[in-house]
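Undergrad:
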Amino acid sequence: MKDLFSTGSQLYQQARPSYPQEVFQEILKHVATKNFAWDVGAGSGQFTQLLAPYFDHIVATDISANQLQLAPYFENVSYQVQTAEKTAFTENSFDLITVAQAIHWFDFEAFYQEVYRTLKPNGVFAVIGYGMIHVEHAAINSLIQSLYFKTLKTYWDVERHYIDEKYTTIPFPFDEIPVTPLKMQYEWNAAQLLKYLSTWSAVKHYQDKNQTSPLVELAESLSHQQTELKIEFPILLRLGHLQTKASKKNKKILGIL
């Protein structure tokens with residue numbers, strides 16, 4: 001699992017979008033018991049804090065202590081520095097395991113072994129994320145598209161393609177649960193938009209190599225923007241149960257069995 005976000009943890013916490021309640025309702029309607037949940041790759045607790053009202057106990061893990069230190073306190077949440085692929089949890093512990101905007105950084109085979117080991121037989125595994133930003137303002141959206149696909153093209157980590165493909169190409173050795181398509185919608189000012197874009201890992205890679213920001217042109221255009229911008233992200237959501245004995249092919253391929 002890569003750690004790309006320890007540096008700039010506070011900005012990441014402030015600038016990344018929050019998921020709407022519809023995401024939680026879509027997940028929770030499939031969770032029979034809400035006793036114990038594990039939020040993996042929790043970062044600064046963006047997703048954890050929204051889960052907290054629904055479960056008796058939650059453990060949130062990340063490899064970045066810097067990120068976890070910024071997470072909000074809840075009596076029923078334990079934040080722990082652990083890798084996704086090897087944990088200290090006991091077998092059949094969790095009613096729900098969630099991964100929000102992080103699974104593309106994991107070693108799939110090792111992580112799924114942990115999911116199969118720690119998820120209860122009737123538990124739910126949820127992969128959550130959000131795709132490419134869309135801004136209703138055509139000129140600004142065009143600049144963002146150019147930034148993403150041209151300026152930063154060679155600066156994205158290879159794992160980013162899983163998000164571009166909307167998590168449809170990640171290995172998923174589970175009995176999949178159909179979900180309702182969802183999206184996130186916001187109204188952001190220019191400063192909020194720039195803060196979000198500055199959290200992109202490729203922006204950091206570009207700055208480290210070139211000692212200059214790739215956001216200069218976009219920042220200049222946004223400096224003339226007086227009104228709030230309508231922003232939209234497609235939500236990426238895949239849910240599953242542990243596979244039954246009748247559907248073991250994918251598990252064998254991944255080495256889970």
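Just so it is clear: in the sequence shown, position 245 is 245 by full-length UniProt numbering, and no numbers are missing. Just so you know, even glycine gets a beta-carbon here, dropped at the ideal spot from N, CA and C. Bear in mind the structure is a predicted one, so any value in this text is a computation, not a measurement.
First and last residue of the beta strand (DSSP E) that includes Leu239?
TA: 229-242
Undergrad: May I have the straight-line CA-CA distance separating Glu187 from Thr90, to the nearest angstrom?
TA: 43 Å
Undergrad: What do you reckon, are the CB atoms on Ile140 and Ser198 nearer than 8 Å?
TA: no
Undergrad: Closest by CA to Leu193, which one among Ala84, Asp208, Gln101, Ala219?
TA: Ala219
Undergrad: Report the rounded CA-to-CA distance for Asp175 versus His30, giving the unit in angstroms.
TA: Rounded to whole angstroms, Asp175 and His30 show a C-alpha spacing of 13 Å.
Undergrad: Would Gln46 be called buried (16 or more neighbouring beta carbons within 10 Å of its own) or exposed?
TA: buried
Undergrad: Just the Cα atoms here: how many angstroms apart are Leu50 and Tyr79?
TA: 14 Å
Undergrad: Would you kindly work out how many angstroms separate the C-alpha atoms of Leu239 and His224, rounded to a whole number?
TA: 42 Å
Undergrad: Go through its chain and collect everything with a Cβ distance to Gly123's Cβ below 8 Å, but skip five positions before and after it.
TA: Only Val31, Phe94, Asp95, Leu96, Ile97, His241, Leu242 meet the Cβ criterion.
Undergrad: Pick out whichever of Lys86, Glu228, Tyr73, Lys150 has its Cα sitting closest to the Cα of Leu215.
TA: Lys150
Undergrad: To the nearest angstrom, how far is the alpha carbon of Thr61 from that of Tyr155?
TA: 27 Å
Undergrad: Assign Pro121 to one of three DSSP states: helix, strand, or coil.
TA: strand
Undergrad: Is the beta carbon of Val179 less than 8 Å from the beta carbon of Glu26?
TA: yes
Undergrad: Going by the CB atoms, is the gap between Ala71 and Ala42 shorter than 8 Å?
TA: Contact: yes.
Undergrad: Under the three-state reduction of DSSP, which class applies to Lys153: helix, strand or coil?
TA: helix
Undergrad: When you compare only the Cα positions, how much space is there between Tyr116 and His161?
TA: 25 Å
Undergrad: With a 10 Å radius around its C-beta and 16 neighbouring C-beta atoms as the bar for buried, classify Thr7 as buried or exposed.
TA: Model confidence at Thr7 stands at a pLDDT of 46, short of 50, so the residue's coordinates are unreliable; what they give is reported in the following sentence. It counts as exposed.
Undergrad: For a test of the three-state rule: what should DSSP assign to Ser213, helix, strand or coil?
TA: coil
Undergrad: Where does Asp62 sit, in a helix, a strand or coil, going by DSSP?
TA: strand
Undergrad: Give me the Cβ distance between Ala37 and Ile58, rounded to the nearest whole Å; I'm assuming they're in contact under 8 Å.
TA: 5 Å
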